[in-house]
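Notes follow once the structure below has been shown.
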Amino acid sequence: MIWNKSIECLDRESMCKLQGERLRSVVERVYHNCAPYRERMQQAGVLPEDIRTIDDIVKLPFSSKQDLRDYYPWGLLAVSRSEIVKIHASSGTTGKPIVMGYTRNDIANWAEAGTRCYAAYGLNKDDVIQVSYGYGLFTGGLGAHDAGLNLGATVIPMSAGNTEKQLLMMRDLGSTALACTPSYALYLAEALEKSGIPREELKLKVGIFGAEPWTEEMRKEIQFRLGIKAYDIYGLTEISGPGVGFECEHQNGTHLNEDLFFPEIVDPKTGEPLPDGVEGELVFTTLSKEGMPMIRFRTHDLTSLTHEKCECGRTLVRMSRILGRTDDMLIIRGVNVFPSQVEAVLCTLEEVEPHFFITVDRINNTDTFDIDVEIKEKFYSDVMSEMERLRKKIAHAIQSVVGIQPNIKPVAPGTIERSQGKAKRVNDKRKFK
Ligand code: DLL
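Pasting the structure below:
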């Protein structure tokens with residue numbers, strides 16, 4: 232079902248007009264209410280009146296995570312603090328957290344965005360949505376929650392963790408949709424297999440998965456193990472949270488709610504805009520946000536866009552699957568490697584579980600590339616030659632995709648720590664040398 236047909240199926244000309252109007256308004260607001268934006272625009276020699284259509288967006292300077300840290304916590308507020316009704320934060324890996332403030336309208340618009348996603352997944356008020364993203368400062372839990380309420384569905388605010396209880400509630404309350412990270416979905420699938428609860432006792436049909444990169448192969452794995460249809464949901468704290476983008480039933484890219492969040496693709500090195508179909512860094516401008524609007528925010532996510540009309544009837548622009556973030560990309564012996572590529576390969580090998588951990592180091596001036604890979608129970612063996620054969624097979628399969636050969640360490644089933652939120656899959660020891 233299309234939740235908001237008048238927007239989701241809007242013709243391109245009208246969408247551009249709407250985006251242009253909203254851009255003018257947000258630029259006016261940040262220029263007058265937010266000193267850092269004003270100063271940056273002045274440095275770039277741009278005034279609000281220079282922004283007339285959405286195409287003028289390229290005249291505006293970029294913003295980044297660093298700006299949010301530099302002006303922590305309230306330096307980028309565009310309204311008075313008392314208009315802020317809720318905050319969320321993302322911890323990041325270093326330094327100060329990034330705190331985002333939302334007004335009442337911001338929360339309503341975010342819920343609208345999320346509800347469009349749920350409707351596209353075929354959910355409605357009769358559904359029971361188990362929200363197993365973490366609640367709290369992370370946007371996942373409360374974001375997925377508010378979208379469910381707005382849809383009129385029954386929401387179970389489980390949060391992440393307590394896996395046994397998750398399965399119990401799933402069965403007893405008849406959850407029809409599960410919202411969590413793909414890695415936690417895999418963990419829940421595993422726990423279900425061990426629990427003895429027959430899958431037929433569950434009513435689960437839809438997965439609402441995001442917050443971390445995941446591959447087509449991982450989708451197949453989860454769908455097979457949970458007997459559901461798994462959909463992508465995309466979002467980020469700085470722009471609002473889950474619901475910035477979603478897949479429709481055709482699963483041919485992730486539609487972006489571009490009336491609220493305007494996307495661009497730029498060259499990650501030069502910042503120059505790139506055309507449809509070319510992969511680059513995703514940049515967002517929030518078109519309706521009141522509390523902390525973001526202008527040309529550099530996400531570090533790598534993807535491409537297409538404006539071709541989708542079979543579902545929506546005209547909303549689509550982005551391709553996110554391979555990873557520029558800052559997740561490992562450069563090993565000069566070769567670019569994304570953990571998601573390793574995941575994709577492992578999902579295709581019948582002997583292994585898609586649980587792995589990459590360790591990269593530099594020893595005697597050479598990069599090392601080690602991967603712990605979990606072997607399935609029935610293939611795990613004490614026979615050295617058997618494990619050696621498997622080790623070689625996995626290493627070759629990965630090399631054929633990423634271009635360099637890893638050193639594979641086969642580990643026993645259940646050895647690698649399971650994730651309840653975003654999976655941590657890499658230890659790059661070179662960073663500390
Ligand atoms: O992860 C918001 C979210 C929660 C999205 C629940 C979807 C579901 P952050 O913690 O700020 O916010 O992390 C944002 O996570 O820039 C991407 O790198 C990554 N990410 C989010 N969704 C996807 C996705 C939330 N569907 C960062 N596919 C983003 C790939 C994703 N990566």
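Under our numbering, think of the first position of the sequence shown as 232, with each following residue one higher. We treat Cβ as the ideally placed atom computed from N, Cα and C, and that holds for glycine.
By the C-beta density criterion, Ile282 is buried, having at least 16 other C-beta atoms within 10 angstroms. Burial check for Arg450: the Cβ neighbour count within 10 Å reaches 16 or more, so the residue is buried. Asp403 and Leu368 have their alpha carbons spaced roughly 29 Å apart. Shown here, Val277 sits in coil according to DSSP, grouped into three states, outside any helix or strand.
Taking 8 Å as the upper bound for CB-CB distance, Glu521 and Ala309 are in contact here, some 7 Å apart. Per DSSP, reduced to three states, the secondary structure at Val509 is coil, with no helix or strand assignment.
Annotation for Ala416: Leu409, Gly438, Phe440, Ile453, Leu457 and Ala461 place their beta carbon closer than 8 Å to its own, counting only its chain and skipping 5 residues before and after. Secondary structure at Val614: coil, using DSSP grouped into helix, strand and coil.
Counting only unbroken stretches of 4 or more residues, the alpha helix (DSSP H) elements lying wholly within the stretch 301-369 are 335-351, in sequence order. For Lys317, the shortest C-beta to heavy atom distance toward the ligand DLL is 8 Å or greater.
Proximity of the beta carbon of Pro504 to the ligand DLL is not indicated: no heavy atom of the ligand is located closer than 8 Å.
Nearest neighbour of His481 by Cα position, chosen from Cys543, Asp242, Ala344 and Ser295, turns out to be Cys543.
Ile562 has its alpha-carbon roughly 16 Å from the corresponding atom of Lys500. Collapsing the DSSP output to three states places Met560 in coil. Assignment of Gly466 by DSSP, reduced to helix, strand and coil, places it in the strand class. Phe477 is not a Cβ neighbour of Leu518, given a cutoff of 9 Å. Scanning the stretch 543-594 for uninterrupted alpha helix (DSSP H) segments of 4 residues or longer gives 570-579, listed from N- to C-terminal end. As the crow flies, the alpha-carbon of Val277 is around 13 Å from that of Val261. A straight-line Cα-Cα distance of about 6 Å links Val548 and His486. For Pro641, the enclosing beta strand (DSSP E) stretches over residues Asn638 to Val642. Between the stretch 572-589 and the stretch 613-632, the count of C-beta pairs closer than 8 Å reaches three or more; the two stretches touch. In this structure, Ser321 has its CB closer than 8 Å to one or more heavy atoms of the ligand DLL. Distances taken from the Cβ of Thr517 to the heavy atoms of the ligand DLL include none shorter than 8 Å. DSSP places Glu447 in the uninterrupted alpha helix (DSSP H) bounded by Glu447 to Leu457. Across the structure, Asp301 and Glu432 are spaced so that their CA atoms are roughly 51 Å apart.
By the Cβ neighbour-count rule, Ala266 is exposed, with fewer than 16 other Cβ atoms within 10 Å of its own. Annotated three-state conformation of Gly371 is helix, per DSSP.
Exposed is the label assigned to His538, since fewer than 16 other Cβ atoms lie within 10 Å of its Cβ. Taking C-beta atoms as the reference points, Pro473 and Ala339 fail to come closer than 9 Å.
At least one heavy atom of the ligand DLL lies less than 8 Å from the C-beta of Pro444. As the crow flies, the alpha-carbon of Asp613 is around 49 Å from that of Gly379.
For the pair Met401 and Gln361, the Cα-to-Cα distance works out to about 7 Å. When the alpha-carbon of Gly251 is set against those of Asn264, Gln273 and Pro279, the nearest one is in Pro279. By the 16-neighbour rule on beta-carbons within 10 angstroms, Leu399 is exposed. Its chain contains Lys317 and Gly522 as the residues whose beta carbon lies nearer than 6 Å to that of Tyr333, once the 5 sequence neighbours on both sides are disregarded; these appear in chain order. Annotation: the continuous beta strand (DSSP E) that includes Ala410 extends over Ala408 to Cys411.
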